[in-house]
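Peer 1: Next up is a structure, given as C-alpha cells.
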Amino acid sequence: QKEVEQDPGPLSVPEGAIVSLNCTYSNSAFQYFMWYRQYSRKGPELLMYTYSSGNKEDGRFTAQVDKSSKYISLFIRDSQPSDSATYLCAAAHGISNFGNEKLTFGTGTRLTIIP
Amino acid sequence: DTEVTQTPKHLVMGMTNKKSLKCEQHMGHRAMYWYKQKAKKPPELMFVYSYEKLSINESVPSRFSPECPNSSLLNLHLHALQPEDSALYLCASSQSWSRGTYGYTFGSGTRLTVV
C-alpha cells in the first residue's frame, strides 16, 4: 500500500464549478500536508500547506485535513481554465529541525477546466 | 528572490557521455533536494543535502553523483546513464520548518533524454 493515495483522474469540470481533489494516507506520523500544482513540463508549485487537522483558505483555494480519517482535500471555487494542471498532494513527518524533510507525494490528479 | 534556477532546461546525452545538472537558490535555504519525475508520475526523492552535507540518499545508482559546493548551489553529475534514466530532474530547496513555512520550492526542472 502506498503511503499517500490519490485518484489520478483525469478530472474535467466546466468553468466556474467547484472542484474537489482528495487524497488518503496511511502513515499516522504525517503531520504536515501540502498541495502542489504542476503545469505541463514545469516544476511543482506549492499552493497550500497545513499542519495537523483543520482548514486553511487562500483566495479560491481551501485545504482540509482530517487526521482521524487520514483524508486530505483541496477545494477550488470558481474554477478557471488557468487552473488546468496536475495537482499533487504531499505529506511529511516534520521532525527535522533543519528543513531536510522528505515529502511523500500522491500520484497527482490531472484537472481540466472546460471554458 | 524566491526562485530555484535549474540549468540546462533540456539535455540530450548519449550513454557514454558525462554531463552535469546545476541548481541555484538565493533564498538562504539550507536544505536542497534532487527529485526524479517520470511522465505522469509523482516526483521521487533521490538526494537531500542539509547544510551542504548529504543527509538522505535513496539508494540511487552510482551513475548519479550529487555535489553541494556551497549553500546556494547543488549539482548532479551524470555518467553512463541508461535510456530509462530519461526523465524530468527537479531541484528543490526548503528552510527549517520550525520557522513556520513548510514545503519545498521547486525549480522548473531539467528535461533529460538519454539516447
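Chains as they are written, first to last, in my numbering: chain A, -18 to 96; chain B, 150 to 264.
Heads up, the beta-carbon is just placed ideally off N, CA and C, and yes, glycines get one too.
1) Use the C-beta contact count for residue 69 (chain A): other C-beta atoms within 10 angstroms, 16 or more gives buried, fewer gives exposed.
2) I'd like to know whether the C-beta atoms of residue 263 (chain B) and residue 232 (chain B) end up nearer to each other than 7 Å.
3) For the beta strand (DSSP E) that contains residue 0 (chain A), what are its first and last residues?
4) Who are the near neighbours of residue 217 (chain B) in its chain, counting only those whose CB is closer than 7 Å to its CB and skipping five residues on each side?
5) If I measure Cβ to Cβ from residue 58 (chain A) and keep anything under 7 Å in the same chain, skipping five residues before and after, which residues do I get?
6) Quick check on residue 286 (chain B): buried or exposed, where buried means 16 or more other Cβ atoms within 10 Å of its Cβ?
7) With a threshold of 7 Å between beta carbons, is residue 251 (chain B) in contact with chain A?
8) Quick check on residue 233 (chain B): does DSSP put it in helix, strand or coil?
9) For residue 258 (chain B), decide whether its Cβ has a neighbour in chain A, counting only Cβ atoms nearer than 7 Å.
10) Have a look at A:26, A:72, A:38 and A:15 and flag the residue whose alpha-carbon is nearest the alpha-carbon of residue -17 (chain A).
11) Between residue 24 (chain A) and residue 18 (chain A), what straight-line distance do the alpha-carbon atoms span, to the nearest angstrom?
12) Quick one: what's got a C-beta closer than 7 Å to residue 31 (chain A)'s C-beta in the same chain, skipping five residues either side?
13) Using a Cβ cut-off of 8 Å, pull out every chain A residue sitting near residue 194 (chain B), in sequence order please.
14) Is the beta carbon of residue 252 (chain B) less than 7 Å from the beta carbon of residue 27 (chain A)?
15) If the cut is a Cβ gap below 8 Å, which residues of chain A does residue 254 (chain B) touch?
Peer 2: So, to answer that:
1) Classification for residue 69 (chain A): buried.
2) It is a contact, given that the beta carbons lie within the stated cut-off.
3) DSSP places residue 0 (chain A) in the uninterrupted beta strand (DSSP E) bounded by 0 to 6.
4) Only 181, 198, 201 and 223 meet the Cβ criterion.
5) If we look at residue 58 (chain A) and ignore the five residues flanking it on each side, its Cβ neighbours are -1 and 41.
6) The requested residue 286 (chain B) does not occur in the structure, where chain B is confined to residues 150 to 264.
7) Answer yes: the Cβ-Cβ gap between residue 251 (chain B) and chain A drops below 7 Å somewhere.
8) Correct three-state label for residue 233 (chain B): helix.
9) With 7 Å as the cut-off, residue 258 (chain B) counts as an interface residue toward chain A.
10) The candidate whose alpha carbon is nearest that of residue -17 (chain A) is A:72.
11) Going by the C-alpha atoms only, they are around 9 Å apart.
12) The beta carbon of residue 31 (chain A) sits closer than 7 Å to those of 14, 37, 44 and 46, all from its chain and outside the five residues before and after it, given in chain order.
13) Under the 8 Å cutoff, chain A gives 83 and 84.
14) Between residue 252 (chain B) and residue 27 (chain A), the gap from beta carbon to beta carbon is short of 7 Å.
15) Within chain A, the residues placing a beta-carbon under 8 Å from that of residue 254 (chain B) are 27, ordered along the chain.
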